[in-house]
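Below is one structure, written out as structure tokens, with a few remarks after it.
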């Protein structure tokens, strides 16, 4: 469950021995899709893209910012009452991002099937620094 104002380390790997990025242009296309789908819901702290996997360190935006992204939640009270629905919407943004990239990648390289392994790794991340 993704929660607002929370940091997460998100990472995934290509399916089997495949690569997520075969050419330089794949990296920029991935980042363009990432910004299109994820910028509205999260601030990016860091990212690392490697040929067969990636890591993202993000902070889900606060409730007020997300209200602007999802205007169907009229008030903060409604927003908090529907926290599970919100979490599903945030997860759906990631699902749309990965699906969008995969479909384009599969079309360009004439491949079929899942590009990413099934399990998306999402770890709540908080480290106190002195």
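Numbering (my numbering), first residue to last: 42 to 171. Built from N, CA and C at the ideal position, the CB exists for glycine as well. Just so we're clear, the structure is a prediction, and the values are computed from it rather than from any experiment.
Query: Residue from 152, 52, 105 and 77 whose Cα sits closest to the Cα of residue 159; Result: 52
Query: Residue span of the beta strand (DSSP E) that contains residue 101, given as start and end; Result: 94-101
Query: Distance, residue 84 Cα to residue 106 Cα; Result: 11 Å
Query: Distance CB(residue 140)-CB(residue 56) smaller than 8 Å; Result: no
Query: Residue from 146, 76, 54 and 142 whose Cα sits closest to the Cα of residue 95; Result: 54
Query: Cβ shell of residue 162 (< 6 Å), same chain only, five flanking positions each side left out; Result: 52
Query: Where residue 86 falls, given that 16 or more other Cβ within 10 Å makes a residue buried; Result: exposed
Query: Whole-number beta carbon distance between residue 143 and residue 157, since they are thought to touch under 8 Å; Result: 7 Å
Query: Nearest residue (CA-CA) to residue 104, options 97, 91 and 81; Result: 81
Query: Burial state of residue 43, where buried means 16 or more other Cβ atoms lie within 10 Å; Result: buried
Query: Extent of the continuous beta strand (DSSP E) to which residue 85 belongs; Result: 83-91
Query: Candidates 46, 90, 48 and 45: closest to residue 66 by CA position; Result: 90
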